[in-house]
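Presented below is the structure to which this report refers.
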Amino acid sequence: MASQEIETLTQALSRLPGLGPRSARRAVLWLIKRRETALVQLLAALEGVSERLVECQTCGNVDTTDPCGICVDPRRDQRALCVVEDVADLWALDRARLFTGRYHVLGGRLSALEGVRPEDLSIAALIERVSAGGIDEVVLAMNATLEGQTTAHYIAERLEGFPVRITQLAHGLPVGGELDYLDEGTLAQALRARRPMG
Ligand SMILES: [Zn+2]
Numbered sequence: 001m002a003s004q005e006i007e008t009l010t011q012a013l014s015r016l017p018g019l020g021p022r023s024a025r026r027a028v029l030w031l032i033k034r035r036e037t038a039l040v041q042l043l044a045a046l047e048g049v050s051e052r053l054v055e056c057q058t059c060g061n062v063d064t065t066d067p068c069g070i071c072v073d074p075r076r077d078q079r080a081l082c083v084v085e086d087v088a089d090l091w092a093l094d095r096a097r098l099f100t101g102r103y104h105v106l107g108g109r110l111s112a113l114e115g116v117r118p119e120d121l122s123i124a125a126l127i128e129r130v131s132a133g134g135i136d137e138v139v140l141a142m143n144a145t146l147e148g149q150t151t152a153h154y155i156a157e158r159l160e161g162f163p164v165r166i167t168q169l170a171h172g173l174p175v176g177g178e179l180d181y182l183d184e185g186t187l188a189q190a191l192r193a194r195r196p197m198g
């Protein structure tokens, strides 16, 4: 029988994406054996994240400052805005270092199945940013899934009438492709070949 502490940690870890109860137990054992090295490091890293990270109220990115480093970076093109589903997508695109504008994180995708409605996503805030002016291009960088594309079309409709160019990632993206699983070359290509929404 494992102690209550070990059981609690195992349960917490087993809720992480990609980890089930079995891998969580193995991770706990691994950490206990490396108490002085890996466990202490992990604890410090978790504390750092928990204490210092905040959500950017402008774009939805996660950083140590609000507004985030990307939003306040003067070298970034203020006129281009890239809309992504999740923070993981923002990080994936930014790693590819091809997009020089700023971002807007929706916090998910529209889904009839999961009951995700437009008001559950950061769409009103996006419309507000665009209607404030100063933006020439909105790049819709949704995943190449049915729900991602439905979301892209919905946003394109909502942005109709604003003086902005609406583009989307080129369809070299594999169908069903989640942005943060793509290699940087593929992402960069999809971004470079982005085309008008239609
Ligand atoms: Zn930001």
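Heads up, the sequence shown is in UniProt numbering, so the first residue is 1 and it goes up one at a time. Virtual Cβ for every residue (Gly too), placed ideally from N, Cα, C. Keep in mind the model is a prediction, meaning the values are calculated, not measured.
Here's the rule: buried if 16 or more other CB atoms are within 10 angstroms of the residue's CB, otherwise exposed. What is D136?
Within the sequence shown, residue 136 is the residue found at index 136, counting from 1. The residue in question, D136, is exposed, as its Cβ has fewer than 16 Cβ neighbours within 10 Å.
Relative to ligand 1, is the shortest distance from any of its heavy atoms to the C-beta of I6 smaller than 7 Å?
As a working note, residue 6 is residue 6 in the sequence shown. Incorrect: I6 has no Cβ contact closer than 7 Å to ligand 1.
Option in C59, D120, L121 with minimal Cα separation from W91
Position 91 of the sequence shown, counting from 1, holds the residue named residue 91. Nearest of C59, D120, L121 to W91, Cα basis: C59.
Give me the DSSP bridge partner(s) of E55.
As a first step, residue 55 must be located in the sequence shown, where it is residue number 55. BP columns for E55 point to V62.
Indicate the three-state DSSP secondary structure (helix, strand or coil) for S23 in the structure shown.
Within the sequence shown, the letter at position 23 stands for residue 23. Reduced to three states, the DSSP call for S23 is helix.
Which residue's Cα is closest to the Cα of G101: P74, L126, H153, G108?
Taking the first residue of the sequence shown as position 1, residue 101 is located at position 101. Among P74, L126, H153, G108, the Cα nearest to that of G101 is on P74.
Taking only runs that begin and end inside the UniProt domain "Toprim" (79-174), name each unbroken beta strand (DSSP E) of 3 or more residues, in chain order.
80-84, 102-105, 137-140, 165-168
Relative to ligand 1, is the shortest distance from any of its heavy atoms to the C-beta of P67 smaller than 7 Å?
Your numbering for residue 67 matches position 67 in the sequence shown. Indeed, a heavy atom of ligand 1 lies less than 7 Å from the Cβ.
DSSP state of R75 mapped onto helix, strand, coil:
By 1-based counting over the sequence shown, the position of residue 75 is 75. Coil, per DSSP.
What separation, rounded to the nearest whole angstrom, lies between the Cα atoms of A88 and A156?
Taking the first residue of the sequence shown as position 1, residue 88 is located at position 88. Taking the first residue of the sequence shown as position 1, residue 156 is located at position 156. Each residue's alpha carbon lies about 22 Å from the other.
Could you tell me whether any non-hydrogen atom of ligand 1 is closer than 7 Å to the CB of I32?
Taking the first residue of the sequence shown as position 1, residue 32 is located at position 32. Incorrect: I32 has no Cβ contact closer than 7 Å to ligand 1.
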